[in-house]
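*Asks:* Those protein sequences? They're chains A and B, same order as listed.
Position one of the first sequence corresponds to residue 71 (my numbering), numbered consecutively onward.
Position one of the second sequence corresponds to residue 969 (my numbering), numbered consecutively onward.
A virtual CB, placed ideally from N, CA and C, is assigned to each residue, including glycine.
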Amino acid sequence: MPLITSNKTQPTYDVIVVGSGAAGGQTAYTCAMEGAKVLMLEAGRNYDPVTETPMFQTNGQAPLRGGNTTDKPFGFHDATVDGGWSVPGEPYTSASDDPERKFWWWRARMMGGRTNHWGRISLRNGPYDFKPYSRDGLGFDWPLRYEDVAPYYDKTEMLVGVFGTSPGMENTPDSPPGVLLPPPKARAGEMLAQQRAKQLGIPVIPIHRAVLTVQQDANRLPAILHPNNPKAQRVLADAMRSRAACFWATPCGRGCSIKANYQSTTVHIPPALATGNLDILPNAMAREVTYDGSGKATGVIYIDKATGQEGRVQGKVIVLAASSAESVRILLNSKSAQFPNGLANSSGKVGKYIMDTVGASLNGHIPALEDLPLHNEDGAGGAHVYVPWWLYKEQLAGKLGFARGYHIEFSSGRHMPSATTAAGMEWITGGSYGRKFKEDARRYYGTAMGFAGRGEMIPNDDSYCDLDPKMKDKWGIPVLRFHWKWSAHETRQAAHMQKTFAAIIESMGGKVRTPPTEGRKAIEPGGKIIHEVGGTIMGADPKTSVTNQWCQTWDVKNLFITDGGPFVSNADKNPTLTIMALAWRSSDYIIDQLRKGNL
Amino acid sequence: MDRRTAIKWMLTAAASVAALRRDSFGADEPGTGAPAVGYGTDPDLLKVYKPGDLWQLTFTAAQRATAAALCDTIIPADAKGPSASSLKVPDFIDEWISAPYDGHAADKKTIIDGLTWLDAEAQKRFKNDFTGLIASQKNAICDDICYTAKAKPEFTKAAQFFKKFRDLTAGGYYTTPEGMKDIGYVGNVPLATFDGPPPEVLKKLGLA
Ligand SMILES: Cc1cc2nc3c(=O)[nH]c(=O)nc-3n(C[C@H](O)[C@H](O)[C@H](O)COP(=O)(O)OP(=O)(O)OC[C@H]3O[C@@H](n4cnc5c(N)ncnc54)[C@H](O)[C@@H]3O)c2cc1C
Ligand code: SF4
């Protein structure tokens, strides 16, 4: 089974998956490897990183020296095609005109979704993160524990390939031996930060990112990941052997033609296709899930973007993995007599409790890094170290004024020069030009360090999405309208972040570029960190949640949501590893239930 | 696509555009940004592009000459690298100000007005175009506008122009192979291992 067009779909499938990103990729992978016949619908075009990635292209070879535009918001060579803060013809709206209450929604309309260019930071949620309400009385508990998810974190890390260490820190889980790949050495600025931050009691440790620092062990891992399944083992071993180790050059955000980092299009989809159990229909924009009136979903209605025609496909199990907010949209647009407010929405909770990550940043100039002997700092195309949240005890004792933690991501090093290299230096050079400017450019190149906080937001009643009463997209599908509000927990956290970054920069002997400010100004707008989750939260009670712990909707038992929608909280840890781990867990459950004839 | 479908599409597309206008979001608001007529959302990423390939350039011959003279005042040749104009940086600046994207029209006004001001100022002070000035005369003007924080009130606008122009000159220059070498970028080459900073770097940082 292969990449197909609308007229080539089978009469029915075991599983229909909507979306091909982290969630859809993992779901289709697990189901196809376990023998289910799967159809994947993807709204974007097919995309092949092996042939399409501009690996060694320099910024000088791109329009505008590779700078950002509305067409390519993260730069010309960034992997995202047909995506960004706005997608032509596919608007969304904000209920409020107040900039503090607007939500920014990043979408990538392409095979593999946002996994083609994501940052690849892959952190596990810890035990506290699944039971936040029990810990501090805010938000909700998940209907599962860390121990329930841990085996799936192990499997996901082994499958996609994640580097890092297991230093045994509070609520920052270790991985078992043999799971993680070795971390790369830290860069100069990262090592300096590590040394100085330690004096402030701030731990700097190797980060976890989905990059192969060495090739995967294709002889050992397949048998662990797919016990008693020789075909899956063989397919996976071949797929692992086709992935090279990182060669320490080229920015990961462009994607990786040698498959050394994780993107769904190089890691999940190729082996799933190789099983012969997966059909993929690109350019298929799912509009609604059909419902037979007796408790079961029957299939999906989609728009074939190539022809503008409506298509219908049928399956025993329907899985929405279109990204959390888009899956909400599909449910709200799937109306029937039994579900006038949207499918699986008897609780009224579909669209509620959307969360992003709290973001604030601060940059500084570090004189110690001036005029360093020339050396190559490309490394693994992203940060090599980070700071996990380190103030659990102070926070629990109520000393901080905000309830949840954050981690710190760094940017440092002599990146490949871009449109903004040596720009905005007046504040350190006093306005040099001529030969002096050239000397300054050499001297200050790579001396800027950026610190970005990524913190937990507590779900609240004012942050949700519903259907815009008027606006439709160019396919005639009603669009989402976002409602947003940060609470004082988040704004105080953002202020704390900036103060901490200033302290780190000063501990390094550096100068802060723009001084810390109050939390409401420091915090990035909602959605800007692109970690949106929630909207179809899981729970133990059908009256207050949309799915159970298996990402299975309470109302429609053969309907599942495996993207970030079922997240009950949004820990400071970036969400994607958890999305994949839960999608795998949910897919195992789907396969088990299909085999038992329960679906 | 048949004609009937095409027409239907155009109508729905027009309706959604009208709906956008009605709710009147600005172009740089989330979700509703007006598509620019640039290279589109799915350009060929593997191709090598030159200024002028994608949209028409703006500079007149005289403006280009003034831009080149200013580029080389900002980035002259020295032992480590050639001058900005010899690497066609003025063409990049032209590409930048001519681009059909948000913000570039404002930069165009800044740059074109600034170049006009520069020639007028050169005439006023030295009875010559900027290109005809000797180095000390060029520097006399640039010294008054090279630092926005210290520029006298009558030079505020010119200083903002100079700041933007210097940023563009640097971006254009350091992204060329010669510029990357000049600034000391030694990456973008595949390596068998990543060894972290070499001993002399660690020593200088006190981390050895
Ligand atoms: C710049 C950036 C950096 C990031 N860095 C990190 C990081 O370091 N760590 C981390 O954990 N996360 C990171 N993220 C977030 C991460 O990308 C997402 O959490 C992850 O991709 C979510 O997976 P998903 O499958 O739910 O959604 P996506 O990856 O967005 O995939 C959804 C897919 O569904 C398709 N689709 C949508 N609607 C429909 C429809 N109606 N019909 C059919 N198909 C549809 C889309 O086209 C898309 O291909 C980053 C994101 C961005 C943009
Ligand atoms: S840094 Fe490594 S993993 Fe990232 S794109 Fe380059 S080769 Fe691939």
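Cβ atoms of Leu1038/B and Phe1133/B: under 8 Å apart, would you say?
*Replies:* In this structure, Leu1038/B lies closer than 8 Å to Phe1133/B by Cβ.
*Asks:* Whole angstroms is fine: what's the gap from Ile631/A's alpha carbon to Trp318/A's?
*Replies:* One C-alpha to the other measures close to 36 Å.
*Asks:* Output the residue ranges of the alpha helix (DSSP H) runs that lie fully inside the stretch 107-155 of chain A and measure 4 residues or longer, sorted by chain position.
*Replies:* Here the runs fully enclosed are 119-122.
*Asks:* Would the beta-carbon of Phe173/A be found less than 7 Å away from any heavy atom of ligand 1?
*Replies:* Every heavy atom of ligand 1 is 7 Å or more from the Cβ of Phe173/A, so no.
*Asks:* For a test of the three-state rule: what should DSSP assign to Glu526/A, helix, strand or coil?
*Replies:* In this structure, Glu526/A counts as coil in the three-state DSSP scheme.
*Asks:* Between Ile328/A and ligand 2, is the CB less than 7 Å from at least one heavy atom?
*Replies:* At least one heavy atom of ligand 2 is nearer than 7 Å to the Cβ of Ile328/A, so yes.
*Asks:* Indicate the three-state DSSP secondary structure (helix, strand or coil) for Gly609/A in the structure shown.
*Replies:* DSSP places Gly609/A in coil when its eight states are reduced to three.
*Asks:* Where does Ala982/B land, buried or exposed, given buried means 16+ other C-beta within 10 angstroms?
*Replies:* Low local confidence applies: a pLDDT of 35 at Ala982/B is under 50, so the model's placement there is unreliable, and no value is given.
*Asks:* If you draw a straight line from the alpha carbon of Ala344/A to that of Val305/A, how long is it in whole angstroms?
*Replies:* Their backbone Cα atoms lie some 7 Å apart in a straight line.
*Asks:* For a test of your reading of the model: does the CB of Ala391/A fall under 7 Å from any non-hydrogen atom of ligand 1? Yes or no.
*Replies:* Yes; taking the cut-off as 7 Å, the Cβ of Ala391/A has a heavy atom of ligand 1 nearer than that.
*Asks:* For Phe126/A, decide whether its Cβ has a neighbour in chain B, counting only Cβ atoms nearer than 8 Å.
*Replies:* So yes, Phe126/A belongs to the interface.
*Asks:* Pro119/A and Thr335/A look like a contact to me (Cβ under 8 Å); what is the Cβ gap, rounded to whole Å?
*Replies:* Yes, Pro119/A and Thr335/A are in contact; Cβ-Cβ is about 5 Å, under 8 Å.
*Asks:* DSSP state of Met519/A, grouped into three classes?
*Replies:* It is a strand residue.
*Asks:* Just to confirm my understanding: we take Asn129/A, look at its own chain, exclude 5 residues before and 5 after, and list those with CB closer than 6 Å. What are they?
*Replies:* If we look at Asn129/A and ignore the five residues flanking it on each side, its Cβ neighbours are Arg135, Gly136 and Ser488.
*Asks:* Quick check on this structure: which residue in Pro276/A, Arg311/A, Thr623/A and Trp654/A has the alpha carbon closest to the alpha carbon of Gly365/A?
*Replies:* When each option's Cα is compared against that of Gly365/A, the closest is Thr623/A.
*Asks:* Are the CB atoms of Pro548/A and Leu537/A nearer to each other than 8 Å?
*Replies:* Yes, the Cβ-Cβ distance between Pro548/A and Leu537/A is below 8 Å.
*Asks:* Go ahead and pull the three-state DSSP assignment for Arg179/A.
*Replies:* Here Arg179/A sits in coil by DSSP.
*Asks:* Quick check on Arg655/A: buried or exposed, where buried means 16 or more other Cβ atoms within 10 Å of its Cβ?
*Replies:* Buried is the call here.
*Asks:* So does Phe13/A have its beta carbon nearer than 7 Å to some heavy atom of ligand 1?
*Replies:* One cannot answer for residue 13/A here, as it falls past the ends of chain A, which runs 71 to 669.
*Asks:* So Ser406/A and Tyr361/A are in contact, right, with Cβ under 8 Å, and what is the actual spacing, rounded?
*Replies:* Contact flag correct, Cβ pair sits at about 5 Å.
*Asks:* In terms of residue numbering, what span does the alpha helix (DSSP H) encompassing Leu537/A cover?
*Replies:* Where Leu537/A is concerned, there is no enclosing alpha helix (DSSP H), although the beta strand (DSSP E) it sits in stretches over Tyr534 to Lys542.
*Asks:* Check whether the Cβ atoms of Val387/A and Ile660/A sit closer than 8 Å, and answer yes or no.
*Replies:* Contact flag set, yes.
*Asks:* Ordered along the chain, which non-local residues of its own chain (more than five positions away) have a Cβ less than 7 Å from that of Gln619/A?
*Replies:* Cβ within range, chain order: Pro213, Leu214 and Met608.
*Asks:* Ordered along the chain, which non-local residues of its own chain (more than five positions away) have a Cβ less than 6 Å from that of Gln131/A?
*Replies:* Excluding positions up to five away in sequence, the list is empty.
*Asks:* Secondary structure at Gly412/A, three-state DSSP: helix, strand or coil?
*Replies:* Three-state result, Gly412/A: coil.
*Asks:* Would you mind giving the Cβ-Cβ distance between Pro1145/B and His445/A, rounded to the nearest angstrom? I have them listed as a contact below 8 Å.
*Replies:* In fact, because the Cβ distance is near 19 Å, the residues do not count as touching under 8 Å.
*Asks:* Any beta carbon from chain B within less than 8 Å of Gln265/A's own beta carbon?
*Replies:* With 8 Å as the cut-off, Gln265/A counts as an interface residue toward chain B.
*Asks:* Taking 7 Å as the cut-off, is the beta-carbon of Gly189/A closer than that to any non-hydrogen atom of ligand 2?
*Replies:* Checking the Cβ of Gly189/A against ligand 2 gives no.
*Asks:* Assuming contact is defined by CB atoms lying nearer than 8 Å, are Asn403/A and Phe409/A in contact in what I supplied?
*Replies:* Cβ atoms of Asn403/A and Phe409/A: not closer than 8 Å.
*Asks:* If we define contact as Cβ-Cβ less than 8 Å, is Thr1041/B a contact residue for chain A?
*Replies:* So, interface residue.
*Asks:* Do the CB positions of Asp532/A and His553/A come within less than 8 Å of each other?
*Replies:* Yes.
*Asks:* Buried or exposed, going by whether 16 or more other CB atoms sit within 10 Å of the CB of Lys422/A?
*Replies:* The residue is buried, with at least 16 neighbouring Cβ atoms inside 10 Å.
*Asks:* Just the chain A side, please: which residues come within less than 8 Å of Lys1125/B by C-beta, in chain order?
*Replies:* Near Lys1125/B there are no residues of chain A at all, since even the closest Cβ is about 15 Å away, more than 8 Å.
*Asks:* Per DSSP, what kind of secondary structure is Leu466/A in: helix, strand or coil?
*Replies:* It is helical.
*Asks:* Are the beta-carbon atoms belonging to Arg279/A and Phe210/A less than 8 Å from one another?
*Replies:* Not in contact: Arg279/A and Phe210/A (Cβ atoms no closer than 8 Å).
*Asks:* In the stretch 1037-1107 of chain B, which residue ranges form an unbroken alpha helix (DSSP H) of at least 4 residues, counting only runs that do not cross its ends?
*Replies:* Entirely contained in the stretch 1037-1107 of chain B, the alpha helix (DSSP H) runs reaching 4 residues are, in chain order, 1057-1066 and 1072-1094.
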